[in-house]
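Participant: Protein chains in written order, with our numbering: chain G, 85 to 197; chain C, 9 to 112.
Attaching a single structure in C-alpha cells format; questions to follow.
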Amino acid sequence: NAGVMQNPRHLVRRRGQEARLRCSPMKGHSHVYWYRQLPEEGLKFMVYLQKENIIDESGMPKERFSAEFPKEGPSILRIQQVVRGDSAAYFCASSATGRTEAFFGQGTRLTVV
Amino acid sequence: EDQVTQSPEALRLQEGESSSLNCSYTVSGLRGLFWYRQDPGKGPEFLFTLYSAGEEKEKERLKATLTKKESFLHITAPKPEDSATYLCAVDMRFGAGTRLTVKP
C-alpha cells in the first residue's frame, strides 16, 4: 500500500514562473491537506480539500496560490509568478476521513532563483 | 482562533534520561490531538491520536497523555535514534515543535 506520493521532490523555478506541485493521496483517502515549511520553522497550514471541494483555505495566501483536488488524478498546488519568498518545502498529507490522523508525503522542495 | 503551543523549543538529553514534552491548546470542541515525529529533510511521521481527557497511548519509549488543556509526550530512557522534532497538531494546525537531541 503506497504512501502519500509527492512530485517532484525538488523543483527549481525562476522568478515569475509557475510552480505546480502534485500530491497523490494514500489509497482510499479522499481528504488532502497542504502545508508549507520554511527552514527551521514549523508546518504552516495552507488548505484542506476533499474530492472536488475546497473545505478550508484559510491558510492560503490571497494571491498567486491555488489548489485543487479533482475527481480523478492527484491534488495540485499551483503557485503563479513565483518569488524568492516562495522557496520552502511543501508537504501534503491525506486522511481517510476529515480531520483525523493524516499521513504525510516526503515533500517538494521549491527553490526560486 | 485555535492555538497550539509547544514547549520547550529545544531539549537536549543524555541517553537514558527521561523527560516530557508539552503541547497546550485552545480549541472549541477538540476533535483529536495528534503527535508526529519529523526527521530532517523528511515528512512528519504519525505517532498518536488522543481524543478525550485521561486517554493515554504508548509506543516503545513514547507515551502520550491528554488533559482538557494540554498533552504530554513522555520519553522514557531515550536513545540517540529518538532525536527528532516532535510536533503536535489540533484541527490540522501544528505547533512549532520541540527539537529533541539525545546524546549517547
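From the three backbone atoms N, C-alpha and C, an ideal C-beta is built for every residue, glycine too.
1) Can you list the residues of chain C that G/Q190 reaches, using a CB-CB cut of under 9 Å?
2) Could you tell me which chain G residues have their CB closer than 9 Å to the CB of C/Q90, listed as they occur along the chain?
3) Beta-carbon within less than 8 Å of C/S28's beta-carbon, same chain only, minus the 5 sequence neighbours each way: which residues are those?
4) Would you report the Cα separation of C/D90 and C/R20, rounded to the nearest angstrom?
5) Between the alpha carbons of G/Y119 and C/K87, how many angstroms are there, rounded?
6) Any idea which residues DSSP pairs C/K65 with across the strands?
7) How big is the Cα-Cα spacing for G/G169 and C/E17?
8) Using a Cβ-Cβ distance under 7 Å, would C/G105 count as near chain G?
9) Measuring only the C-alpha atoms, how far is C/Q11 from G/G143?
10) Run through DSSP, which three-state label would C/E89 get?
11) Let me know the secondary structure DSSP gives G/R168 once reduced to three states.
12) Any contact between the segment 94 to 109 of chain G and the segment 124 to 136 of chain G? By contact I mean 3 or more CB pairs, one from each, below 8 Å.
13) Label G/A177 either buried or exposed according to how many other C-beta atoms from any shown protein chain fall within 10 Å of its C-beta, with 16 as the threshold for buried.
14) Could you give the DSSP three-state label for G/T181: helix, strand or coil?
15) Near G/A186, which residues of its chain fall below 7 Å by C-beta distance, leaving aside the five closest residues on each side in sequence?
16) Cβ of G/F175 within 7 Å of Cβ of G/G157?
17) Please report the distance separating the alpha-carbon of C/Q38 from that of G/T184.
18) Tell me, please, whether the CB atom of C/T73 is closer than 7 Å to any CB atom in chain G?
19) What residue does the beta strand (DSSP E) around C/A18 start on, and which one ends it?
20) Helix, strand or coil, according to DSSP, for G/M144 in the structure here?
21) Which class does G/Q190 belong to by DSSP, given the choice of helix, strand or coil?
22) Output the distance between the C-alpha atoms of C/F56 and C/K67, rounded to the nearest integer angstrom.
23) Indicate the three-state DSSP secondary structure (helix, strand or coil) for C/S27 in the structure shown.
Facilitator: Here's the rundown:
1) G49, K50, G51
2) Checking the sequence shown, residue 90 of chain C turns out to be Asp, not Gln. Within 9 Å Cβ-Cβ: nothing; C/D90 doesn't reach chain G, min ~19 Å.
3) F80, L81, H82, I83
4) 11 Å
5) 30 Å
6) C/A72
7) 24 Å
8) yes
9) 14 Å
10) helix
11) helix
12) no
13) buried
14) coil
15) Y117, A177, S178, S179
16) no
17) The question names Gln, but residue 38 of chain C in the sequence shown is Leu. Roughly 11 Å between the two C-alpha positions.
18) no
19) 18 to 22
20) coil
21) coil
22) 9 Å
23) strand
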